[in-house]
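J.: Chains as they are written, first to last, in this note's numbering: chain A, 1 to 335; chain B, 336 to 600.
Mind looking over this structure? Questions follow.
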Amino acid sequence: MKILSPLDSKEEVKELIQAGADEFFCGLLEETWHRKYPVISINRRPAGKGHFRTFADLKEAVSMAKEHNAPVYFTVNEHYYIDEQYDLVLDYVKKAVDAGVSGIILADYGLLTVLKEMNLSVKLQVGTGGTVFNSQSARFYQRMGASSVTFPRHLTIDEIRKIVENSPEIEFCVFIINSRCVNVDGFCTFEHGLSDQSCFPLYRNACMLPYHISLSPQVSAEERDMGDIIREHRFLERQHIWETVHVDDHPCGACALYEFREIRINGVKIVGRGNTLERKVKDIQFLRTLIDRLERDNLSMIDFRKSARELYQNTYSRPCRMHMCYYPEVMEMPA
Amino acid sequence: MEQALFISKVDNLKYFEDTDEFARLYFGMEFCERLIPDAADLKKVISFVNEKKIDFTLVTPYVTEDGLERVERLLGTLAETKPGSEVVFNDWGVFQVMDEKYPGLIPVLGRMLNKMKRGPRLLNVLDKIPEESVRYYRSPGITVPKVREFLLKNRITRVEFDNLLQGIDLERTGDEIKKTLYLPFAYITTTRLCLTALCDRPDKVKEVGITPCGHECQRYTFYLKNPIMITNLIRKGNTIFFCNEDIPDNLNMFDRVVIAPEIPI
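Shown next as structure tokens:
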């Protein structure tokens, strides 16, 4: 089970490998794209931090990573592109392949079709935007030329287990830490990053904006008594949950590493293009410690969970919280 | 222009009473596998459309392995009782099953797989961004000839569209692929961390996950307002919608309109 880490610059490579990263994913933004599409991403990350700036830098980073047998995967994973963007998109892909990346991470079936026809010398990987919720969907992408799939965030461990069992010929990656999106990424058509931080309502993710929320019950006013109305007011509280927390307040799924090791998950993904090097290192070291314990110490599930929760609290100074747990069913199990 | 009615519950066949303006019925669920109709309901609806002598489209959601089994049962029933029907798929796994097992059913690319941006905030920036960006927000992926070629090769000759607030530019999308416009409810986003599930249980206020539910979505609808959004958002079940009743100027680029009298959840 490999740790897939974000990578934003060549300067980060050595430290992230020392921390325990096995492989990397990254994106790149050039002026040629940004000039035409300042608020439209080519790789699911808004302009600003979190991108390589030149293919020369990318090439150096890939070369450094390869010295440590760490592949670098390149993201061109916007949910869809239109015809007039293709010259730029394919130019990015070709330059990334020339820079030595090991694979392209994408989400658009159209782009996958085109890249398959190009017979590139790199792996084609379907990211979470491909919305693979079942084994037949994995088969579809495999037939299209994909060698691996990253699951959506919104699957339970048992659901993941069933898909993996029914899909022996494709590799799978799961989310394990950071940015637990409220909505299904590949089906979410909100656009993030429509402004810089100077305009908070356009900058903030739409799912976390403060809303005035009202309720329309499917019963007439005559059928509701005062008690109903008070109860309804109380349960509106829950509808505000995503504006009272931040989806990147160290969400974590590390307890599930135990099952993921058993069920043939190939990689665990740390979200975090744009995070500081310090945070990336901390996240990798946290996971590396746990994976090493799993592989070395033959722990029972209960002992592993206990160990994971203690390490989480010590590392991030936070308790485990259901709304920040990637696989909250583990919270119902003893630890 | 063909007009179709879209319902997600058998009871809503009532919207068909006293009208002959619809030549087709859409029936099914796009957003939640827990609300997939059962075969008995499907048979009732098929009897209805046969009686009315109208065409039929089954609508299917994105699905886990368990949900896929339920969809497969419906596909089997449909292939047997109403061959030649359309099936809107919003999951490539459902398409894969249709492609391999049900060649007699006609696949239609659902609006969830037509990934044009829908967030109403976009309208705040349209006059501030380059024209290339505006064209992106108004154009679909089927502007790409290779995408159309792929769809046609796979017998997919129809793509579904929401009625986007920023408008839809269908130039450069060719004639081979037919386009459907959904009115008036457009979906924006969906989740399996459903905030409507068990929403009237005070002890569950802090619980968010893929948890059991009591189909609370059938009782409650939430309206979300924020000044930056050009229109109100509507949370129905696990999905957020907006309502856009303005008919686009280029309506003639669509050959079918699908009207949902209620939010289809």
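Backbone N, C-alpha and C define an ideal beta-carbon position, used for all residues, glycine too.
1) Hey, which unbroken runs of the beta strand (DSSP E) at 3 residues or more fall wholly within the stretch 351–427 of chain B?
2) Check whether chain B comes within 8 Å of A:K36, counting only Cβ atoms and requiring the distance to be less than that.
3) Taking buried to mean at least 16 other C-beta atoms within 10 Å of its own C-beta, is A:S8 buried or exposed?
4) Can you give me the C-alpha to C-alpha distance between A:K269 and B:V540, rounded to a whole angstrom?
5) Checking the sheet assignment: what are the DSSP bridge partners for B:Q338?
6) What does the alpha-carbon distance come out to for the pair A:I229 and B:F351?
7) Tell me the rounded alpha-carbon separation between B:E484 and A:V76.
8) Does the distance from the CB of B:I600 to the CB of B:T574 come in under 8 Å?
9) Assuming the contact rule is C-beta atoms closer than 8 Å, B:L530 and A:I241 should be a hit. Round their C-beta distance to whole Å, please.
10) Taking the runs of the beta strand (DSSP E) that are 3 residues or longer, which of them lie wholly in the stretch 14–85 of chain A?
11) Is it right to say B:L487 is buried, meaning 16 or more other beta carbons lie within 10 angstroms of its own, or is it exposed?
12) Strictly under 8 Å for the Cβ-Cβ distance: is B:C534 near chain A by that measure?
13) With a threshold of 8 Å between beta-carbons, can A:T113 be considered close to chain C, or not?
14) If you compare alpha carbons, which of B:G572, B:R446, B:N425 and B:T525 is closest to B:K514?
15) Please report the residue range of the alpha helix (DSSP H) in which A:V114 lies.
16) State buried or exposed for A:G272, treating a residue as buried only when at least 16 other CB atoms are found within 10 Å of its CB.
17) Should A:A206 be flagged as near chain B, meaning a C-beta pair shorter than 8 Å?
18) At which residues does the alpha helix (DSSP H) containing B:E597 begin and terminate?
19) Which chain A residues are close to B:G454, counting only those with a beta carbon under 8 Å from its beta carbon?
20) Are B:F557 and A:L215 touching if we call contact CB-CB under 8 Å?
21) When you compare the CB of A:R359 with every CB in chain B, is at least one pair closer than 8 Å?
22) When you check each C-beta in the stretch 104–128 of chain A against every C-beta of chain B, which residues fall closer than 8 Å?
23) Hey, how far is the Cα of A:Q136 from the Cα of A:Y80?
24) Going by CA-CA distance only, name the one from A:L155, A:R293 and A:A21 that's closest to A:K66.
25) Taking DSSP as the reference, what is the three-state secondary structure of A:L290?
26) If the cut is a Cβ gap below 8 Å, which residues of chain B does A:F235 touch?
27) Roughly how many angstroms separate the alpha carbons of B:R369 and A:K95, rounded to a whole number?
28) With DSSP as the reference, please indicate the residues paired to B:L518 in a beta bridge.
29) Should A:C181 be labelled buried (16 or more other beta-carbon atoms within 10 Å of its own) or exposed?
30) Under 8 Å between beta-carbons, which chain B residues line up against A:P201? List them in chain order, please.
31) In its own chain, which residues sit with a C-beta less than 7 Å from the C-beta of A:Y316, not counting the 5 before and 5 after it?
32) Given a limit of 8 Å on CB to CB distance, which residues of the stretch 55–87 of chain A reach chain B?
33) What span of residues does the beta strand (DSSP E) with B:D497 cover, start to end?
34) According to a CB-to-CB cut-off of less than 7 Å, which residues of the stretch 496–508 of chain B neighbour chain A?
35) Sorted by chain position, which residues of the same chain lie with C-beta nearer than 7 Å to A:E399's C-beta, five sequence neighbours on each side aside?
36) Taking DSSP as the reference, what is the three-state secondary structure of B:I523?
T.: Let me spell this out:
1) Counting only unbroken stretches of 3 or more residues, the beta strand (DSSP E) elements lying wholly within the stretch 351–427 of chain B are 359–363, 390–394 and 421–424, in sequence order.
2) Closer than 8 Å: yes.
3) Sequence check: residue 8 of chain A is Asp here, not Ser. Burial is judged here by how many other beta carbons sit within 10 angstroms of a residue's own beta carbon; A:D8 has at least 16 and is buried.
4) Answer to the nearest angstrom: the Cα atoms are 30 Å apart.
5) In DSSP, B:Q338 forms a bridge with B:V592.
6) Their Cα atoms are separated by approximately 34 Å.
7) Distance between the alpha carbons of B:E484 and A:V76 is about 21 Å.
8) Yes, the Cβ-Cβ distance between B:I600 and B:T574 is below 8 Å.
9) Rounded, the Cβ-Cβ distance is 7 Å, consistent with contact.
10) List check, beta strand (DSSP E) in window: 23–26 and 72–76.
11) By the neighbour-count definition (other C-beta atoms within 10 Å, threshold 16), B:L487 is an exposed residue.
12) Judged by the 8 Å Cβ criterion, B:C534 is in contact with chain A.
13) Structure shown: chain C not included; protein chains present are A and B.
14) For B:K514, the closest C-alpha among the options B:G572, B:R446, B:N425 and B:T525 is that of B:R446.
15) If you look at A:V114, you'll find it in the alpha helix (DSSP H) that goes Y109 to E117.
16) It counts as buried.
17) By this cut-off, A:A206 is an interface position.
18) Element bounds for B:E597: n/a, residue is neither H nor E.
19) Ordered by position in chain A, the residues that pass the 8 Å Cβ test against B:G454 are T189, F190, E191 and A206.
20) Yes, Cβ-Cβ distance for B:F557 and A:L215 is below 8 Å.
21) Summary: the structure shown does not reach residue 359 of chain A, with chain A confined to residues 1 through 335, and so no result is reported for it.
22) Listed in sequence order: D108, Y109, G110, T113, V114 and E117.
23) Approximately 21 Å, taken between the alpha carbons.
24) Measuring from the Cα of A:K66, the nearest candidate turns out to be A:A21.
25) In the structure shown, A:L290 sits in a helix (DSSP, three-state: H, G or I).
26) From the beta-carbon of A:F235, the residues of chain B found nearer than 8 Å are C534, D535, R536, P537 and V540.
27) Distance between the alpha carbons of B:R369 and A:K95: 45 Å.
28) Partner(s): B:I594.
29) Flag for A:C181 reads buried.
30) Residues of chain B passing the Cβ test: R456, N561, P562 and I563.
31) H250.
32) Those residues of the stretch 55–87 of chain A that come within reach of chain B (Cβ to Cβ, closer than 8 Å) are H79, Y80, Y81, I82, D83, E84, Q85 and Y86.
33) Under the DSSP assignment, B:D497 falls in the beta strand (DSSP E) whose first and last residues are R493 to D497.
34) Cβ contacts with chain A: R507.
35) Any property of residue 399 of chain A remains undetermined from this structure, which presents chain A solely from 1 to 335.
36) In this structure, B:I523 counts as strand in the three-state DSSP scheme.
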